[in-house]
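Residue numbers (mature numbering (1 follows the signal peptide of the UniProt record, and there is no 0)): -21 to -1, 1 to 199. We put the beta carbon where it would ideally sit given N, CA and C, even for glycine. Okay, structure first, notes after.
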Amino acid sequence: MIKFIPYFHLGLALLVGLAQSDPHPLHDFCVADTAAGSQTFLTNDFPCINPELALPSHFATSALAMPGNTRENPSGFNVTLATISNLPGLNTLGLTLARADLAPNGLIPPHSHPRASEVTICLQGTLLVGFVDTSNRLLTQQLRVGDSFVFPKGLIHFVYNLEASTQAIAVSGLNSQSPGAQIGSMSSFASHPNIPDEVLQKAYLINGQDVARIRRNLGG
Ligand SMILES: *[C@@H]1O[C@H](CO)[C@@H](O)[C@H](O)[C@H]1NC(C)=O
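This is how it looks when you write it as structure tokens:
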């Protein structure tokens, strides 16, 4: 029994390490120098401006104040992000903020963020949210105004507006400056170049016409 204890601690330490978000910043802040487009070296984040030149406005944005237009997207959603391009003070802090507008019965299709967990709050409407864990169990919840829900890092999740006649709004915080997003349907059927038809037929147990139809529907 005794000899397993060090392994247990090692395993725990590894798990805790893996659960961390982005690397910790080395300074109080690192306001992104977004004008450094012609930089000749690459860093993991944007370089910082001189901290003495930092202004309160570098830490503020109205980017999430305006609703996104949900009419152009076939699933009826629009995500607006606060990132270092409109909120340069976010640089190196391991954060992204997102506003999601959903049309009546609009859907943010099943997707995952490979580098971030996400906590979302319903600001308007009634939402059905859910994620699928790695044992394929679905966990769902209905959110009313003021309710929040967490999507664990990397797991497939969705947000659906249950109201048939009104817009819904959700705001999410993600614990990475670069959370990444992969929409399952798009990754499978609208990648460039396409995944070979035979692969999709065997993966989804469908025929070539099915593949072609889904691809067309998704603009792939
Ligand atoms: C999201 O909304 C913005 C603001 O109305 C609009 O400019 C943009 O084209 C929309 N994006 C999509 C994918 O519909």
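**Report entry** Which residues DSSP lists as bridging C101, in chain order
**Finding:** Taking the sequence shown and counting its residues from 1, the one referred to as residue 101 is at position 122. C101 pairs with A149.
Requested in this report: Would you check whether ligand 1 has a heavy atom nearer than 8 angstroms to the C-beta of E31?
Outcome: As a working note, residue 31 is residue 52 in the sequence shown. Not so, every heavy atom of ligand 1 lies at least 8 angstroms from the Cβ.
**Report entry** CA-to-CA distance, M165 to N52, given in whole angstroms
**Finding:** Residue numbering aside, residue 52 sits at position 73 when the sequence shown is read from its first letter. Residue numbering aside, residue 165 sits at position 186 when the sequence shown is read from its first letter. Taking the straight line joining both Cα atoms gives about 13 angstroms.
Report task. Give the C-beta separation of P158 and T59 to the nearest angstrom, bearing in mind that I take them to be a contact with Cβ-Cβ under 8 angstroms. Result -> In the sequence shown, residue 158 corresponds to position 179, counting from 1. In the sequence shown, residue 59 corresponds to position 80, counting from 1. No, P158 and T59 are not in contact; Cβ-Cβ is about 14 angstroms, not under 8 angstroms.
Query raised in the report: For I63, which of helix, strand or coil comes out of DSSP?
Result: Locating residue 63 in the sequence shown gives position 84, where the first residue counts as 1. Three-state DSSP puts I63 in coil, outside helix and strand.
Query raised in the report: CB-CB under 6 angstroms to D1, same chain, minus the five flanking residues each way: which ones, in chain order?
Result: Taking the sequence shown and counting its residues from 1, the one referred to as residue 1 is at position 22. Answer for D1: G73, S155 and Q156, listed in chain order.
Query raised in the report: Just how far apart, CA to CA, sit G104 and L141?
Result: Within the sequence shown, numbered from 1, the residue matching residue 104 stands at position 125. Within the sequence shown, numbered from 1, the residue matching residue 141 stands at position 162. Roughly 8 angstroms separates the two Cα atoms.
Query raised in the report: Comparing alpha-carbon positions, which option in P131, P88, S64 and H6 lies nearest T40?
Result: Here residue 40 refers to the residue found at position 61 when the sequence shown is read from its first residue. Of P131, P88, S64 and H6, the residue nearest in Cα terms is S64.
Query raised in the report: For the alpha helix (DSSP H) that contains G187, what are its first and last residues?
Result: Along the sequence shown, one-based indexing puts residue 187 at 208. Taken as a continuous stretch (DSSP letters only), the alpha helix (DSSP H) holding G187 covers G187 to N196.
**Report entry** Local conformation of L184 per DSSP, three classes
**Finding:** Position 205 of the sequence shown, counted from the start, is the residue given in the question as residue 184. Looking at L184 - three-state DSSP - the assignment turns out to be coil, as it is neither helix nor strand.
Query raised in the report: Below 9 angstroms between beta carbons: does that hold for A79 and F110?
Result: Taking the sequence shown and counting its residues from 1, one reaches residue 79 at position 100. Taking the sequence shown and counting its residues from 1, one reaches residue 110 at position 131. For A79 and F110, no; Cβs fall outside 9 angstroms.
Report task. Determine which residues share a DSSP beta bridge with C27 and list them. Result -> In the sequence shown, counting from the first residue as 1, residue 27 sits at position 48. According to DSSP, C27 bridges with A11.
Query raised in the report: Leaving out five residues before and five after Q193 in sequence, what residues of the same chain have Cβ atoms less than 7 angstroms from its Cβ?
Result: As a first step, residue 193 is located in the sequence shown; it is residue number 214 there, counting from the start. Residue identity differs from the one stated: residue 193 is Ile in this sequence, not Gln. So the qualifying residues of the chain are F168.
Report task. Note down, in chain order, each residue of its chain lying with its Cβ closer than 6 angstroms to the Cβ of G152, except the 5 sequence neighbours on either side. Result -> In the sequence shown, counting from the first residue as 1, residue 152 sits at position 173. Excluding sequence neighbours, G152 sits near L76 and V98.
Report task. Output the distance between the C-alpha atoms of L34 and R94, rounded to the nearest integer angstrom. Result -> In the sequence shown, residue 34 corresponds to position 55, counting from 1. In the sequence shown, residue 94 corresponds to position 115, counting from 1. Distance between the alpha carbons of L34 and R94: 29 angstroms.
Query raised in the report: If we call anything under 9 angstroms between Cβ atoms a contact, is L106 one with L118?
Result: Position 127 of the sequence shown, counted from the start, is the residue given in the question as residue 106. Position 139 of the sequence shown, counted from the start, is the residue given in the question as residue 118. Not closer than 9 angstroms, so no.
Query raised in the report: Name the DSSP bridge partner or partners of I87?
Result: To locate residue 87, count along the sequence shown from 1; it is residue 108. In the DSSP output, where bridge partners are listed per residue, I87 has V138.
Report task. Answer yes or no: do T62 and C27 have a C-beta to C-beta separation smaller than 9 angstroms? Result -> Numbered from 1 along the sequence shown, position 83 holds the residue referred to as residue 62. Numbered from 1 along the sequence shown, position 48 holds the residue referred to as residue 27. In this structure, C27 does not lie closer than 9 angstroms to T62 by Cβ.
Query raised in the report: From the DSSP output, which residues share a beta bridge with T71?
Result: Taking the first residue of the sequence shown as position 1, residue 71 is located at position 92. Paired residue(s): none; T71 is not in a bridge.
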